Each structure stands twice: as structure tokens, then as C-alpha cells.
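Participant:
2 protein chains.
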Amino acid sequence: MNNSELEETLKFYFPNIKEESLNTIVKHSSYLKSTKGTTLIPEGKRHHYIYLIVKGSVKSYYLKKSKEVCVWFSLENEIIGTTSTIQGNASKETIELLEDSELIKLNIEKINKLTQTDFSISNLLNNLWEKHAIFLEERLYQLQFMNSYERYEALIKDTPEILQRVSLTDIASFLGVSRETLSRIRAKK
Amino acid sequence: MNNSELEETLKFYFPNIKEESLNTIVKHSSYLKSTKGTTLIPEGKRHHYIYLIVKGSVKSYYLKKSKEVCVWFSLENEIIGTTSTIQGNASKETIELLEDSELIKLNIEKINKLTQTDFSISNLLNNLWEKHAIFLEERLYQLQFMNSYERYEALIKDTPEILQRVSLTDIASFLGVSRETLSRIRAKK
DNA sequence: GATCTCATTTGACAAATGTCACAAAACTAT
DNA sequence: ATAGTTTTGTGACATTTGTCAAATGAGATC
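First to last, the sequence lines map onto chains P and X.
Just so we're aligned: the first sequence equals residues 0 to 188 in numbering that gives the first Met the number 0.
Just so we're aligned: the second sequence equals residues 0 to 188 in numbering that gives the first Met the number 0.
#1: From this set, 32(P), 162(P), 50(P), which residue's C-alpha is nearest residue 110(P)'s C-alpha?
#2: Taking 7 Å as the CB-CB limit, is residue 20(P) close to chain X?
#3: Can you find a CB in chain X that lies within less than 7 Å of the CB of residue 144(P)?
#4: Could you give the C-beta distance for residue 100(X) and residue 57(X), rounded to a whole number, given that I count them as a contact under 8 Å?
#5: Which complete alpha helix (DSSP H) runs does the stretch 42-89 of chain X hold, if anything under 4 residues is left out?
#6: I need the straight-line Cα distance from residue 144(P) to residue 4(P), nearest angstrom please.
#7: Please confirm whether residue 135(X) has its beta-carbon closer than 7 Å to some beta-carbon of chain P.
#8: From which residue to which residue does the beta strand (DSSP E) around residue 40(P) run?
#9: Assess contact between the stretch 76-91 of chain X and the stretch 87-102 of chain P, defined as three or more Cβ pairs (one per stretch) separated by less than 8 Å. Is contact present?
#10: Quick one, which of 115(P), 60(P), 131(P), 181(P) has its alpha-carbon nearest residue 38(P)'s?
#11: Which ranges would you report for the alpha helix (DSSP H) in the stretch 86-135 of chain P if only whole runs of at least 4 residues count?
#12: Does DSSP classify residue 17(X) as helix, strand or coil?
#13: Between residue 172(P) and the rest of its own chain, which residues show a CB-CB distance below 7 Å, the 5 nearest in sequence each way excluded?
#14: Between which two residues does the alpha helix (DSSP H) holding residue 156(P) run?
#15: Looking at C-alpha atoms only, which residue of 136(P), 147(P), 161(P), 106(P) is the closest neighbour of residue 28(P)?
#16: Which residues does DSSP pair with residue 30(P) in a beta bridge?
#17: For residue 86(P), which residues in chain X fall below 9 Å Cβ to Cβ?
#18: What does the Cβ neighbour count give for residue 45(X), buried or exposed, with the cut at 16 atoms within 10 Å?
#19: Find the nearest neighbour of residue 13(X) within the set 121(X), 140(X), 151(X), judged by alpha-carbon distance.
#20: Counting only Cβ pairs nearer than 9 Å, list the residues of chain P close to residue 115(X).
#21: Less than 7 Å between the C-beta atoms of residue 141(X) and residue 153(X), yes or no?
#22: Can you grab the Cα-Cα spacing for the pair residue 0(X) / residue 22(X), in whole Å?
#23: Comparing alpha-carbon positions, which option in 147(P), 132(P), 96(P) lies nearest residue 40(P)?
#24: Assuming residue 160(P) is part of the alpha helix (DSSP H), what are its boundary residues?
#25: Residue 3(P) by DSSP, collapsed to three states: which one?
#26: Are the CB atoms of residue 98(P) and residue 194(P) within a distance shorter than 7 Å?
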């Protein structure tokens, strides 16, 4: 992927960005192709990048009694990273590729700096945070107000393809139930 | 509360704000004193304000089978509002005073506008979103990884005074358990 | 195609939590 | 202080979900 392709792709993710800001961002971006299972951001390490998923899928997880528990999944066209990364702290979660994927890697520190001098960037970051907060609120709502069956229904209604692309073990932990319980939810249906 | 007191209080909440932005915000703020049980933001209505809690406490809740289920509590020195409000949509939750309270009411639309022209405001909003996202992530983590006993422990460790100021019924729904279960958790201790 | 490995399903049982009914305690107003 | 109201606690039982063990299924490798 050359610079002008990179630019095109970035425009897709950041439609209202100023030409000048785009150039600055391109300077601090790179294209990345990697295989299933690759760790993008390891737990406990400082990490300076956020990623745009061009192709593939990614999960974020914590370890609980040496078992992975998923916090989120992301597919194409999403922007991913961890809150700690953006704040400059060590990541609490591990971010890992679920499939062979293509990504664009952005230096978050450079972007954070642009925030001080470029309104289109600071608004862009504001929008990212807003979207992230809305995602978290929706998820919290589901965990607090829906039973496991309803949460499963909501997930496959929202992202039907998740079933083809993510293991039921990961989906179960994301929904907050054991593998076996998810299996029974699906059998009852 | 006169304008210069208002200004002082706002400075406490927004320590790095530019003098000029502060003046603009003061113009679109007002002081508010109201009694326990008052609805600050009703569910289903568009609302144009966020609030700073000078004194008192506030809860946010949804209705589930005509029972209130708490989403969050806030005490003094916190900034509150709903995501929908900030985005200009109807609020999904009801925000209500838990005690007689004193608040400062800020027009969020004016503040959102300042975001386009004033970096100290856009950074301020960015910080608010960040803090909110971190709060939500922590809460999500607790719901997904801790059992009800651990969540109760975490709450009273984080905010011990909550027990004196919020009913156990509200606390139970916030923790995602029934009143009776919370009662038993407390008895076992 | 046979074998191996890993993911998923199923059964049996235990543990946690919800629900309903009622008792005890704390708080209000007179 | 008393009566009434609201909040909190407790017991009995039903339901949901977790855990462990084993069986089945699907995909990869040779």
C-alpha cells in the first residue's frame, strides 16, 4: 500500500479531515499485514499506536484464572486501541488478531499532539470517544438489563457475521456466560 | 450565588480553562438549588444542560418492569449529564436528585459550539469523555469479572460514604443484584 | 480415508441468585 | 410516645448458571 492509497483509506475513516491534518497523519501511519493469532497490543506494555482495520478481525481480552475473557470484537472499518494506550499508560488488555488481517497503524502520541493545534483532529478524537462511550453504555445496559438469551439475540441481530468469524468460546465469554450455557441457549432456540 | 462566585466554582471544575472561555461559559450557566426527588433530566425528553454538583447527590436510572435500576450515582464535585443530551438526542435515562442539592447548570449546546473555536474547551470535553469511558470500562470490568460480593466490596472501598447517602435498594440495582441478595451479602460479611 | 486435535454439545450435579411472603427495624408525622 | 409508612432483613423454594466429565462433531494433517 503506497502513500496515496494510504491517504484514500484514511479519508474513508476520517471523512471531514482537513487536507493538512491528513498529511500529518499519513506521515505517522503505516500499513500492516499480519496473521491470525498475532498480538497487536500486549497486556502490561506501553503501546503507542491505534489501528484501523482494513480487513480481518480483532479481539480484546483479559485473563481470568488463565482463561481468556473477551471485552470486545472488531471487524473491518473500525478504529481500535485501548483507553490506556491513548492515555499513555500500559495496556490492561491484550489485543489480538482473530483472522489474517490488514491494518493501518497510527501513532497516537502524534495525533494527541495535533489535538492542541488542529480543530478537525480534536473533534475527530472527541467523536471517537463519544462513539466508544456509547458502545460501552450499550454494553453495560445489556449486561445489567438483559438475560443471557437476550444478550445473545442482541449480538447476532447487531452483527450476524460474528458467528462465522468468532469462536463460540470467545462469544460466550463476551456475553458473560460459560461456553456450556451459550451452547444451551443456542440449543433451546 | 452571584457571577463571581459562579466563576470561582467553574474554575474549580475546569482548572486550565482560558479566561475568555470561562466568561462565555459563565454567560450560559446558572445556579440551581433543588430538593430531594427532583427530576433533573426526564427520560424521553431532549435536554440541553449538563450539571456540576456543588452539593448533594444524584442518580441515573432506567425502568425495568416498573422498577428503577440505577446506572450511576454522583456526589459533590462531579460533572453529570447523559450521553444522549450531549449528542442532542432524547435522554434514555432519568436523572434525579437523591438529596437536597446545589448545582450549576450549563448549556451543552453552547459548550459544544465553543469546541470549534477554543482548544481549551475542546480538550476539556475530550477529558470528560475520557473520564467517562474509563468509568464505564471499569464498571463493565466489574460486572463481567467480579461476583456480587466483590462488586459490593469494590464499591464501598471506592466510595464508602455511598452507604450513608444512597438506599440499599438503589445500591443493589446498581450492583446488578436483587435487594435480598445484597442484604445477604452484607449479613455474611 | 484414518488419525489427531480442537471446538462444541450434553448430562449430572452444585452453587448462586431471584422471587415471594412476611418479620423486624428505621424513619415520619402527628 | 404512637401510629403509620418505608426500608431492610430472613426463610423457603424455584430458577438460572457454573462446573466437571464425557461424548460428539468438524477441520487439519499425513
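Beta carbons: idealized from backbone N, C-alpha and C, even for Gly.
Remember, predicted model here, so these are calculated numbers, not experimental data.
Facilitator: In this structure, then:
#1: Translated into the one-based positions of the first sequence, residue 110(P) becomes position 111. Of the listed residues, the one whose Cα sits closest to residue 110(P) is 50(P).
#2: Position 21 of the first sequence holds residue 20(P). Not one chain X Cβ lies under 7 Å of residue 20(P).
#3: Numbered from its first residue, the first sequence carries residue 144(P) at position 145. Interface residue, yes.
#4: Within the second sequence, numbered from 1, the residue matching residue 100(X) stands at position 101. Within the second sequence, numbered from 1, the residue matching residue 57(X) stands at position 58. Yes, residue 100(X) and residue 57(X) are in contact; Cβ-Cβ is about 7 Å, under 8 Å.
#5: 82-86
#6: The residue given as residue 144(P) occupies position 145 in the first sequence. The residue given as residue 4(P) occupies position 5 in the first sequence. About 44 Å.
#7: Position 136 of the second sequence, counted from the first residue, corresponds to residue 135(X). Yes, residue 135(X) lies at the interface with chain P (some Cβ there is under 7 Å from its Cβ).
#8: Position 41 of the first sequence holds residue 40(P). Residues 38-40.
#9: no
#10: Counting from 1 along the first sequence, the entry for residue 38(P) is found at position 39. When only C-alpha atoms are compared, the closest one is 60(P).
#11: 107-113
#12: Along the second sequence, one-based indexing puts residue 17(X) at 18. Looking at residue 17(X) - three-state DSSP - the assignment turns out to be coil, as it is neither helix nor strand.
#13: For the purposes of this step, residue 172(P) is taken as residue 173 along the first sequence, with counting starting at 1. The answer, listed in chain order, is 67, 68, 69.
#14: Here residue 156(P) refers to the residue found at position 157 of the first sequence. Per DSSP, residue 156(P) belongs to the alpha helix (DSSP H) from 147-157.
#15: Locating residue 28(P) in the first sequence gives position 29, where the first residue counts as 1. Of the candidates 136(P), 147(P), 161(P), 106(P), the one whose C-alpha sits nearest the C-alpha of residue 28(P) is 106(P).
#16: One-based indexing of the first sequence puts residue 30(P) at position 31. According to DSSP, which records beta bridges pairwise, residue 30(P) is partnered with 103(P).
#17: Numbered from its first residue, the first sequence carries residue 86(P) at position 87. Going along chain X in sequence order, the residues near residue 86(P) (Cβ under 9 Å) are 129, 133.
#18: Residue mapping note: residue 45(X) aligns to position 46 of the second sequence, counting from 1. Residue 45(X) is exposed by the Cβ-count criterion.
#19: Taking the first residue of the second sequence as 1, we reach residue 13(X) at position 14. Of the listed residues, the one whose Cα sits closest to residue 13(X) is 121(X).
#20: Taking the first residue of the second sequence as 1, we reach residue 115(X) at position 116. Residues of chain P passing the Cβ test: 118, 122.
#21: Numbered from its first residue, the second sequence carries residue 141(X) at position 142. Numbered from its first residue, the second sequence carries residue 153(X) at position 154. Yes, the Cβ-Cβ distance between residue 141(X) and residue 153(X) is below 7 Å.
#22: For the purposes of this step, residue 0(X) is taken as residue 1 along the second sequence, with counting starting at 1. For the purposes of this step, residue 22(X) is taken as residue 23 along the second sequence, with counting starting at 1. Straight-line Cα distance between these residues: approximately 16 Å.
#23: Sequence index remark: in the first sequence, residue 40(P) carries index 41 (1-based). If we check each option's Cα against that of residue 40(P), 96(P) comes out closest.
#24: The residue labelled residue 160(P) in the question sits at position 161 within the first sequence. No alpha helix (DSSP H) holds residue 160(P); DSSP gives it neither H nor E.
#25: The residue you call residue 3(P) lines up with position 4 of the first sequence. It is helical.
#26: What is shown of chain P runs 0 to 188, which leaves residue 194(P) out entirely.
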